[in-house]
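Some notes on the structure that comes next.
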Amino acid sequence: MLLGTLLVLFLLGGTGPASAHAALRATDPEDGSVLKSAPRDITLTFTESVGLLEDSFRVLDPDGRRLRTGEPEHARGGGAETATVTLPAKLAEGTYTVAWRVVSADSHPVSGAFTFSVGKPSLTTATVDTGPTEDPATKSLYNIARYLAYLAVALLIGTATFMAVCRPPDAPVLHRLLKAGWWTLLGATLALLVLRAPYESGEGPLGALSADSVTRTLTGRPGEVLLARLALLLVAALYLLRLARLRKPFGWAGAALAVGLAVTWAAGEHASAGIQVPVAMTSSALHLLATAVWLGGLTALLVTLYRARLTPAAVTRFSRVAFVSVTVLVVTGVYQSWRGLGSWDALTGTTYGRLLTLKLAAVVLLLGAAALSRRWTARLATVDAETAQTVVEAEAAVREKVPAPVGGPSLPDGPEAAPESSSAEASGPGSSAAVEAGSEQRSALRRSVLAEVAVGAAVLAVTTLLTSTLPGRAVAEAAAGTPAVVGASVTNVPFDVGTPGGHGKVQVTIDPGRVGDNSIEALVYGPDGGVSVVPELRISFTLPAKDIGPVDAELTDKGGYWGNSFLNLPIAGKWEMKVTVRTTEVDQVSETRTVVIR
5 MLLGTLLVLF
15 LLGGTGPASA
25 HAALRATDPE
35 DGSVLKSAPR
45 DITLTFTESV
55 GLLEDSFRVL
65 DPDGRRLRTG
75 EPEHARGGGA
85 ETATVTLPAK
95 LAEGTYTVAW
105 RVVSADSHPV
115 SGAFTFSVGK
125 PSLTTATVDT
135 GPTEDPATKS
145 LYNIARYLAY
155 LAVALLIGTA
165 TFMAVCRPPD
175 APVLHRLLKA
185 GWWTLLGATL
195 ALLVLRAPYE
205 SGEGPLGALS
215 ADSVTRTLTG
225 RPGEVLLARL
235 ALLLVAALYL
245 LRLARLRKPF
255 GWAGAALAVG
265 LAVTWAAGEH
275 ASAGIQVPVA
285 MTSSALHLLA
295 TAVWLGGLTA
305 LLVTLYRARL
315 TPAAVTRFSR
325 VAFVSVTVLV
335 VTGVYQSWRG
345 LGSWDALTGT
355 TYGRLLTLKL
365 AAVVLLLGAA
375 ALSRRWTARL
385 ATVDAETAQT
395 VVEAEAAVRE
405 KVPAPVGGPS
415 LPDGPEAAPE
425 SSSAEASGPG
435 SSAAVEAGSE
445 QRSALRRSVL
455 AEVAVGAAVL
465 AVTTLLTSTL
475 PGRAVAEAAA
485 GTPAVVGASV
495 TNVPFDVGTP
505 GGHGKVQVTI
515 DPGRVGDNSI
525 EALVYGPDGG
535 VSVVPELRIS
545 FTLPAKDIGP
555 VDAELTDKGG
565 YWGNSFLNLP
575 IAGKWEMKVT
585 VRTTEVDQVS
595 ETRTVVIR
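In our numbering, the protein residues as written are 5 to 602.
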């Protein structure tokens, strides 16, 4: 019953904190709008606070030349959720393309593009390549460092907790485990600090070598948080050296350092942005601490089981600590998943939700292995108790058989006073069988704990993927912020080319959706619900009842969406709209939907 409850809660829970990437909510001027006079500035509004870069805005004129703009800044009165830039005093007539790039408060870069026109649209629109949100090499190295940091902090905090609670006999091997965790976390943190600037700007790893990159990293909030983590690691090193010399258990100072390290994750990434930030940061820190105590403690337990004889009482104490950790994980995981998903539909309708479901499968295996470990622990405690009782009874029987010498002193209690034969009798067949049974229980316990550690590492890997995935709540908020077109025809066309990641939908808007001239705009959404860039998009219209068509919509890439302001549909009726999406040089698919033109 308890396991079933945990599984239901873990369906909404996550091993890592909920993501809160910024999504574009609105633009001023609006995307695709035609203005009578030139605007003085451009303002973007996001779903959460964002950080600005020197190159956050690139504005191209109708001829494709870049304009000289002011410095990017947050809009006055708009807060940190906005980004604005001042335009030149006089803008020529035509269509302008705006490419933008900002950094979410949760440390992830976001980019995109849109257009607006002054006077009337240009016959041709300047195209701009916003580039990938993240350089593939930099992103891979950054995610590897992030994953190693998760593993290292779990090893460091979990091993220290295990040593304090269980007090194992072979402490030196665990001290080496602590050193391994500390050095790995130090290296991963330094790597994150070095790669931070190119990760934000979308450059390759060599972009970290410029002086501007170093300055930008050290003055930004993610960089400051990583510096704070380095400072805590230095303090932790001194603390660990002192404990190793004095052979003392970890105390309140160690607990404070662990909390401080957990806060650097909460302050530097997901929990620091979005709704209910104070509650989210507290939940995130507790979640990371519980994860570290459980998974890191399991690693320490596994090492101890293979390197030393660990008493069942020590294993039982860790089992209790692990149960408390799982309880904390459930409570904080449910809250953070609600914060990240926003709705049940997002569980299956977004990449974030599907990754969360994948974690559910891993958690099912993890809880299964944990249940086996608890069972073997109970059996081992029973066998050891029976072995001890057998030895005591055998020693008592030996003392009864050997009389004390006449006129001499009686034999003292204890096996060392008995004759050699008594030792053999005390370790008879019953005692040997009990010892053999205890050995079997220990081997089974080692295997189940090893399975827990392996699955736990997989859970942390999925967590790393979740940290770079747009959450369902952000997708919904961005969609809610997109103004609807009154009187227009809006059609969603799902597509799937049959390749990994080659599915999504095309949102086609025909305005005003009546006979005569119409404007058509098409947005392509990827698997994660975010706007996707495709090499080609074609739309044509056929009216079978009148044998008219196909009429090519003649879409052009507007830098973030596809459109045409001069689509003529001459007759009212039910038109068949054929949408062809090409995702690569060789992969494309066509879908047909019916639209009504009045």
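The C-beta atom is built at its ideal place from N, Cα and C for all residues, glycine as well.
Using the beta-carbon count (16 or more within 10 Å), is P172 buried or exposed? buried
L213, buried or exposed, once every other Cβ within 10 Å from all chains shown has been counted against 16: exposed
Take the Cβ of D35 as the centre, count every other Cβ of all protein chains shown within 10 Å, and call the residue buried at 16 or more, exposed below. buried
Please say whether C170 and F322 have beta carbons closer to each other than 8 Å? yes
So L199 and Y151 are in contact, right, with Cβ under 8 Å, and what is the actual spacing, rounded? That belief does not hold up - the Cβ atoms of L199 and Y151 are roughly 13 Å apart, past 8 Å.
Is it the case that the Cβ atoms of T73 and V89 are separated by a distance below 8 Å? yes
Closest to A326 by CA distance: which of W298, A304, A317, V319 is it? Nearest C-alpha to A326: W298.
Nearest to A30 by alpha carbon, out of E97, L71, A117? A117
Classify P531 as helix, strand or coil using the three-state DSSP reduction. coil
Mapping the DSSP letters down to three states, classify E228 as helix, strand or coil. helix
If you count every other CB in all the chains shown that lies within 10 Å of the CB of K578, and 16 or more means buried, which is it? exposed
Within 10 angstroms of its Cβ, does Q340 collect 16 or more other Cβ (buried), or is it exposed? buried
Cβ shell of V410 (< 6 Å), same chain only, five flanking positions each side left out: Any reading at V410 must be qualified, since the residue scores a pLDDT of 49, below 50, and its modelled position is unreliable; no value is offered.
Beta strand (DSSP E) containing V297: first to last residue? No beta strand (DSSP E) holds V297; DSSP gives it neither H nor E.
Using 8 Å as the Cβ pair cut-off and three pairs as the minimum, do the region 494-511 and the region 525-534 touch? yes
Checking the sheet assignment: what are the DSSP bridge partners for M581? Looking at the DSSP output, M581 bridges to F545, R597.
Measure the CB-CB distance between S594 and V583 and report whether it falls below 8 Å. yes
Between the C-alpha atoms of D45 and E204, what's the straight-line distance to the nearest angstrom? 24 Å
In terms of residues, what are the limits of the beta strand (DSSP E) holding L95? Element bounds for L95: n/a, residue is neither H nor E.
Beta-carbon contacts of L547 that lie in its chain and below 7 Å, excluding the five residues immediately before and after: G553, I575, G577, W579
Give a yes or no on whether the C-beta atoms belonging to L182 and V107 are separated by under 8 Å. no
Does any residue of chain C bring its CB to less than 8 Å from the CB of T101? You won't find chain C in this structure, because it holds only one protein chain.
Between A366 and V463, is the Cβ-Cβ spacing less than 8 Å? yes
Burial state of E52 (16 or more Cβ within 10 Å): Burial of E52 is indicated by the presence of at least 16 other C-beta atoms within 10 angstroms of its C-beta.
Whole angstroms is fine: what's the gap from R597's alpha carbon to M285's? Rounded to whole angstroms, R597 to M285 spans 46 Å at the Cα level.
Going by Cα to Cα distance, which pick from G506, K124, I514 is closest to D532? Of G506, K124, I514, the residue nearest in Cα terms is G506.
Taking all protein chains shown into account, do 16 or more other C-beta atoms lie within 10 angstroms of the C-beta of G412, making it buried, or fewer, making it exposed? The predicted position of G412 is uncertain, since its pLDDT is 45 and thus under 50; a value taken from the coordinates is nonetheless stated next. Classification for G412: exposed.
On a Cα-Cα basis, can you pick out the residue from G258, D551, L559, V537 that is closest to S544? L559
Bridge partners of F166, per DSSP? Answer by DSSP bridge pairing: none, since F166 is not bridged.
Straight-line Cα distance separating V54 from T587: Separation of T587 and V54 (C-alpha to C-alpha, rounded to the nearest whole angstrom) is 30 Å.
What are the boundary residues of the alpha helix (DSSP H) that V218 is part of? Where V218 is concerned, the enclosing alpha helix (DSSP H) stretches over 215-223.
Cβ-based burial, E75 [other Cβ within 10 Å; buried from 16]: exposed
Quick one: residues in its chain with C-beta nearer than 7 Å to the C-beta of V599, no 5 flanking neighbours on either side, listed in chain order? S493, T495, I514, W579, M581
Per-residue DSSP class, three states only, for V590: coil
Classify E558 as helix, strand or coil using the three-state DSSP reduction. Residue state, collapsed to three classes: coil.
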